[in-house]
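So the structure is just underneath, and the comments pick up after that.
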Amino acid sequence: MHRRHLLHLAAGLAAPSLRRPVTGAQEQPPAIPALLPRDPTGRHFLLYSDCCSGVPGTAVSANLAAVNRMVARIDPSPEFIAFPGDAVRGYTEDYGELRRQWDYWLGTEMAWVAQRKLRLFQSTSNHNTYDAGSETVFRAVHAKLPRNGPPGQEGLAYWVRSGNLLYVSTHQPDQQMLIDHAWLERVLENNADATYKFVAGHYPVFPVNGYQTWPLWCFPPRQRRPFWDLLVKHRVDAYLASHIIAFDVQLHGGLPQIVSGGAGTAFGPGGFMPGRSEFFHAVQIAVDQQGLRYQVHDPSGRIRERWQWPMTLPDQASWQQVTPQNATRLLAGAHLQGRPIAVRIRGRDSGMRPASPDQTLLAGVDTREGLEPVWIGIERDSGRLLVRLIPVSGEGWQVWRGPPLPVTGGWDHQLCLDPFMGPGGVLHRAIPSGPWSTLESTSSKGCEHLAQPQRWVVGHGQSGPSDRPFRGGALQLTMATPARLPS
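In the numbering used here, the protein residues as written are 42 to 528.
Next up, the structure:
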């Protein structure tokens with residue numbers, strides 16, 4: 042994050058030790074069961090990042106200590122820790138001071154990592170590596186990291202092969218995504234036999250929670266697709282990032298972008314980005330032949346979010362047809378807060394755009410809200426497939442934008458509302474068996490707290506057949522829910 046003038050943080054108590062002594066009736070909190078793979082080939086590790094610490098007696102140091110105490114309870118320990126950047130406060134030209142920050146972070150705040158003989162894979166970032174001098178310090182304090190990056194980035198970008206797992210950390214200093222694509226492709230090609238592949242970098246490729254100013258918060262648009270296509274091509278399991286003080290997951294071309302910025306930095310509305318939906322956290326990740334799973338724990342150890350990928354849907358021939366007569370019965374029974382719902386929508390445009398108003402394809406109605414809690418339709422001006430949700434009751438619509446629909450001819454699209462993915466869980470695909478992608482939105486919430494609509498209507502809005510009707514033809518809707526939920 043670009044916080045050069047941010048870190049005038051209120052001083053807190055000195056960071057408490059990781060293990061607190063038991064005195065009197067005080068007891069150690071219970072162990073947190075590790076999220077373990079489901080077959081012998083699987084791997085499990087921990088993802089957390091962004092604390093901007095390294096200075097004793099600060100609020101962020103206390104925040105990091107609280108997260109670390111929780112992490113220390115995970116049993117058995119993770120195989121390694123992915124920490125994609127912003128470990129220390131940085132942004133100083135006093136490189137002796139910067140070295141002291143790293144020494145305190147590694148030797149005191151994160152000393153438990155060495156004590157447990159865990160590997161920690163640190164990434165470059167805007168607070169870690171903001172100029173040539175800070176890069177020199179980074180190389181010195183992380184001397185054990187491989188020096189196998191591209192020319193000029195040795196000790197900054199690197200890759201590690203651990204048995205059947207490949208971990209690649211890209212070089213992303215202050216508001217720069219200096220990724221050598223040729224080097225990255227060679228690494229992925231040379232390790233094509235790795236069962237599991239993860240690529241890490243400090244910056245999200247795609248905007249998170251509406252933080253879309255680039256390169257401040259995410260990749261510039263022209264850099265997104267070439268990098269992402271490379272990861273998809275080589276069947277990377279996930280891209281791991283930080284920088285936004287939030288937890289977020291999105292899908293693009295079927296590939297997850299997992300963002301974890303909850304290790305202690307306080308920034309943004311309410312101390313997070315934003316505070317109404319985010320919290321300090323660490324993420325357990327397990328990957329095996331069945332797919333990827335994660336659990337997001339807050340400092341108390343409580344699981345706040347969980348997810349698994351890929352999603353398994355029934356064969357499309359067995360999807361249930363949704364009609365005006367049965368829509369409420371079918372969709373009300375699906376329980377949006379607790380289970381993903383996939384809807385296939387086929388139709389033919391009327392050719393009346395752009396003068397025609399919005400056109401409704403499917404809507405969930407609740408008379409207690411001024412607007413439909415769920416509205417899926419065609420936007421009047423752009424002709425785009427559109428999803429509008431009320432993630433928080435009484436606060437109005439948030440919008441997810443899909444692709445434009447053709448004015449002539451038919452179309453066939455699928456949408457999925459996944460309550461386990463937050464705002465990234467409004468998914469789309471245009472090919473029935475193709476990869477899912479998150480629709481574009483600035484919302485920080487999805488359908489995880491969406492009120493269950495009282496009834497559902499097909500082809501028109503909540504006021505009746507004349508309310509924003511679908512003016513095309515051959516409208517067909519089918520729906521399905523996945524066979525297995527996150528565990």
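Think of the CB as a built atom: it goes at the ideal place given N, C-alpha and C, for glycine as much as any other residue.
For residue i, three-class secondary structure by DSSP
i                 : result
serine 283        : coil
phenylalanine 268 : helix
glutamate 520     : Here the sequence assigns methionine to residue 520, which means glutamate is not the residue at that position. Residue state, collapsed to three classes: strand.
proline 74        : strand
glycine 312       : helix
lysine 274        : helix
threonine 401     : strand
arginine 334      : strand
glycine 513       : coil
glutamine 325     : strand
threonine 479     : strand
phenylalanine 288 : strand
arginine 263      : helix
alanine 358       : helix
proline 527       : coil
glutamine 461     : For the sequence presented, residue 461 should be read as phenylalanine rather than glutamine. Here phenylalanine 461 sits in helix by DSSP.
valine 249        : strand
leucine 456       : strand
phenylalanine 86  : strand
arginine 79       : coil
valine 203        : Contrary to the premise, residue 203 reads as serine rather than valine in this sequence. Note: serine 203 maps to strand in three-state DSSP.
histidine 293     : strand
For residue i, the first and last residue of its enclosing beta strand (DSSP E)
i                 : result
glutamate 195     : That residue, glutamate 195, is in no beta strand (DSSP E); it is neither H nor E in DSSP.
tryptophan 4      : Shown here, the chain extends from 42 to 528; a query on residue 4 therefore has no answer.
leucine 229       : Premise fails: leucine 229 lies in the alpha helix (DSSP H), 222-231, not in any beta strand (DSSP E).
serine 301        : 296-301
phenylalanine 179 : Per DSSP, phenylalanine 179 belongs to no beta strand (DSSP E); it is in the alpha helix (DSSP H), 173-182.
leucine 468       : 467-470
leucine 377       : Premise fails: leucine 377 is in no beta strand (DSSP E) and is neither H nor E.
arginine 385      : 382-389
tyrosine 208      : 206-210
arginine 496      : 496-499
Nearest-angstrom beta carbon gap, residue j and residue i [assumed within contact, 8 Å]
i              : j              : result
alanine 307    : proline 125    : That pair is no contact at about 19 Å.
serine 164     : glycine 242    : 6 Å
isoleucine 73  : arginine 114   : 5 Å
leucine 480    : glycine 443    : 5 Å
alanine 304    : tyrosine 89    : 5 Å
glutamine 455  : proline 473    : 7 Å
leucine 403    : isoleucine 417 : 5 Å
glutamate 410  : serine 434     : 7 Å
isoleucine 285 : asparagine 250 : 6 Å
serine 478     : histidine 469  : 6 Å
glutamine 142  : valine 96      : 6 Å
arginine 389   : alanine 471    : That pair is no contact at about 16 Å.
Own chain partners of residue i with C-beta closer than 6 Å, once the 5 adjacent residues on each side are dropped
i                 : result
aspartate 508     : His501, Gly502
glycine 174       : Tyr136
glutamate 319     : Ala287, Phe313
leucine 372       : Trp497
alanine 521       : Leu354, Pro355, Trp360, Ala383
serine 391        : Arg512, Gly513
arginine 29       : What the structure shows of the chain is the stretch from 42 to 528, and residue 29 is not part of that stretch, so it cannot be assessed.
glutamine 439     : Leu430, Pro432, Ser484
proline 248       : Cys259
valine 273        : Gly294, Leu296
arginine 421      : Pro398, Asp399
arginine 334      : Ala327, Gln349
tryptophan 224    : Pro191
phenylalanine 461 : Trp348, Pro527
glycine 148       : none
proline 523       : Met352, Thr353, Leu354, Pro381
aspartate 215     : Asn167, Tyr171
Other residues of its chain near residue i: CB distance less than 8 Å, five sequence neighbours each side excluded
i                 : result
proline 119       : Ala75, His85, Phe86, Leu87, Leu159, Gln325
phenylalanine 121 : Phe86, Leu87, Leu159, Arg160, Leu161, Phe162, Ser203, Tyr208
glycine 65        : Because the pLDDT at glycine 65 is just 45, under 50, the model does not fix this residue reliably, and the value given afterwards should be weighed accordingly. Around glycine 65: no qualifying Cβ.
phenylalanine 321 : Asn104, Ala107, Val108, Gly303, Ala304, Gly305, Asp339, Pro340
Own chain residues within Cβ distance below 7 Å of residue i, not counting five before or after
i              : result
proline 9      : This structure cannot settle anything about residue 9, because the visible part of the chain is limited to 42 through 528.
asparagine 205 : Thr82, Ala235, Thr236, Tyr237
leucine 458    : Leu377, Pro381, Ile382, Gly466, Val467, Cys488
valine 101     : Leu50, Cys92, Cys93, Ser94, Gly305, Thr306, Ala307
valine 246     : Cys259, Phe260, Arg265, Phe268, Trp269, Tyr280, Gln298
Range covered by the alpha helix (DSSP H) that runs through residue i
i           : result
alanine 241 : Not the alpha helix (DSSP H): alanine 241 falls in the beta strand (DSSP E), residues 237-241.
leucine 371 : 368-373
Interface flag, residue i vs chain C, CB-CB below 8 Å
i              : result
tryptophan 360 : Any reference to chain C falls outside this structure, which holds one protein chain only.
Could I get the ranges of all uninterrupted beta strand (DSSP E) runs contained in the region 130-170, with 3 residues as the minimum, in chain order? Fully enclosed beta strand (DSSP E) runs of 3 or longer: 160-163.
If we require 4 or more residues per run, which alpha helix (DSSP H) segments fall completely within the region 405-451? none
Where are the alpha helix (DSSP H) runs, 4 residues long or more, that stay fully inside the region 88-120, in chain order? If we require 4 residues or more, the alpha helix (DSSP H) runs fully inside the region 88-120 come out as 100-112.
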